[in-house]
Amino acid sequence: MNRDFSMRKIVLPMAAVLTLCGAATALIATTAHAEQPAARKPVMIAQAGPPRGQEMDRERQPSCSDITADKTEEMRWLESRLSLTGAQAPLFSRWRQVAMDIARRNQGECIAHQRNASRQPSLLDGIAQEEAMLRGRLADLQTERPVLEAFYRSLSPSQRDMLERQEEPANPSGGSQWDPPPPPPRR
469 MNRDFSMRKI VLPMAAVLTL CGAATALIAT TAHAEQPAAR KPVMIAQAGP PRGQEMDRER
529 QPSCSDITAD KTEEMRWLES RLSLTGAQAP LFSRWRQVAM DIARRNQGEC IAHQRNASRQ
589 PSLLDGIAQE EAMLRGRLAD LQTERPVLEA FYRSLSPSQR DMLERQEEPA NPSGGSQWDP
649 PPPPPRR
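Numbering follows the working numbering, with no gaps: position 36 of the sequence shown is 504.
1) What residue range does the alpha helix (DSSP H) around residue 625 cover?
2) For residue 601 and residue 567, which I take to be in contact (beta-carbon distance under 8 Å), what is that distance rounded to the nearest angstrom?
3) For residue 559 versus residue 619, is the C-beta distance shorter than 8 Å?
4) From the DSSP output, in three-state form, read off residue 559 for me.
5) In whole angstroms, what is the alpha-carbon distance linking residue 498 and residue 478?
6) Taking residue 532 and residue 565 to be in contact with their CB atoms under 8 Å, please state how far apart those CB atoms are, rounded to whole angstroms.
7) In angstroms with no decimal places, state the Cα-to-Cα distance between residue 628 and residue 604.
8) Please report the residue range of the alpha helix (DSSP H) in which residue 544 lies.
9) Should residue 513 go down as buried or exposed, given a rule of 16 or more other Cβ atoms within 10 Å for buried?
10) Just to confirm, are residue 536 and residue 572 a CB contact at a threshold of 8 Å?
11) Residue 589 by DSSP, collapsed to three states: which one?
12) Run the CB neighbour count on residue 550, radius 10 Å, all protein chains shown included, and call it buried at 16 or more, exposed below.
13) Return the CA-CA distance between residue 606 and residue 563, expressed in angstroms with no decimal places.
14) Quick check: what's the CA-CA separation for residue 483 versus residue 493?
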């Protein structure tokens, strides 16, 4: 009988502890399940892939349609900040014309790329597109550099400092306005 009594002393508290643990586990599971947002389907998300076409344009800032407007704003801002002399004005005008021509061409290429964004190029086509983009950028630099050098040489040291450390009001994203539109995404 003594043995039966000691067994009850062990079994009853153990049963109570197991019951409490089970209830606590159920409560935690219920609370955790209630706090979870709608069920995510990772396979469906993974299959969705990156945004394409207009959806990608909405997420990307600034958009292709802003390239020429941003360059125009940048050039106006520079012209007002630099306080150009009579000799510097035609050199700036020539540089502005070249820069605007490049911006218009970049905007056209960017819009054309967006139209074709829903079509995924093959690996070789993607490399060819990137190569063409880099050739275009090199041609832009080779066109712009001589007129920019002539303008730069005409500036006073304080004007050069201002040009080199210009604030970029039209580009809050932090990228350089001198850069072409981004290359097509690699897939």
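All residues carry an ideal CB built from backbone N, CA and C; glycine is no exception. No experiment lies behind these values; they were computed from the predicted model shown.
The short version:
1) By one-based count along the sequence shown, residue 625 stands at place 157. Taken as a continuous stretch (DSSP letters only), the alpha helix (DSSP H) holding residue 625 covers 625-632.
2) Here residue 601 refers to the residue found at position 133 when the sequence shown is read from its first residue. Here residue 567 refers to the residue found at position 99 when the sequence shown is read from its first residue. Their Cβ separation, rounded to whole angstroms, is 18 Å, which puts residue 601 and residue 567 out of contact at 8 Å.
3) Residue numbering aside, residue 559 sits at position 91 when the sequence shown is read from its first letter. Residue numbering aside, residue 619 sits at position 151 when the sequence shown is read from its first letter. Cβ atoms of residue 559 and residue 619: closer than 8 Å.
4) Taking the sequence shown and counting its residues from 1, the one referred to as residue 559 is at position 91. Helix, per DSSP.
5) As a first step, residue 498 is located in the sequence shown; it is residue number 30 there, counting from the start. As a first step, residue 478 is located in the sequence shown; it is residue number 10 there, counting from the start. So the alpha carbons of these two residues sit roughly 30 Å apart.
6) For the purposes of this step, residue 532 is identified with residue 64 of the sequence shown, where counting begins at 1. For the purposes of this step, residue 565 is identified with residue 97 of the sequence shown, where counting begins at 1. 21 Å between Cβ atoms; not a contact.
7) Mapped onto the sequence shown, residue 628 falls at position 160. Mapped onto the sequence shown, residue 604 falls at position 136. Each residue's alpha carbon lies about 27 Å from the other.
8) Counting from 1 along the sequence shown, the entry for residue 544 is found at position 76. Element bounds for residue 544: 535-550.
9) The residue given as residue 513 occupies position 45 in the sequence shown. Model confidence at residue 513 stands at a pLDDT of 48, short of 50, so the residue's coordinates are unreliable and nothing is read from them.
10) The sequence position of residue 536 within the sequence shown is 68, counting from 1. The sequence position of residue 572 within the sequence shown is 104, counting from 1. It is a contact, given that the beta carbons lie within the stated cut-off.
11) The count along the sequence shown starts at 1 and reaches residue 589 at position 121. Here residue 589 sits in coil by DSSP.
12) Residue 550 sits at position 82 when you count from the first residue of the sequence shown. Per the 10 Å Cβ criterion, buried.
13) Start at 1 with the first residue of the sequence shown, and residue 606 comes out as number 138. Start at 1 with the first residue of the sequence shown, and residue 563 comes out as number 95. Within the model, the alpha-carbon separation for residue 606 versus residue 563 is close to 17 Å.
14) Counted from its first residue, the sequence shown places residue 483 at position 15. Counted from its first residue, the sequence shown places residue 493 at position 25. Each residue's Cα considered, the two are about 15 Å apart.
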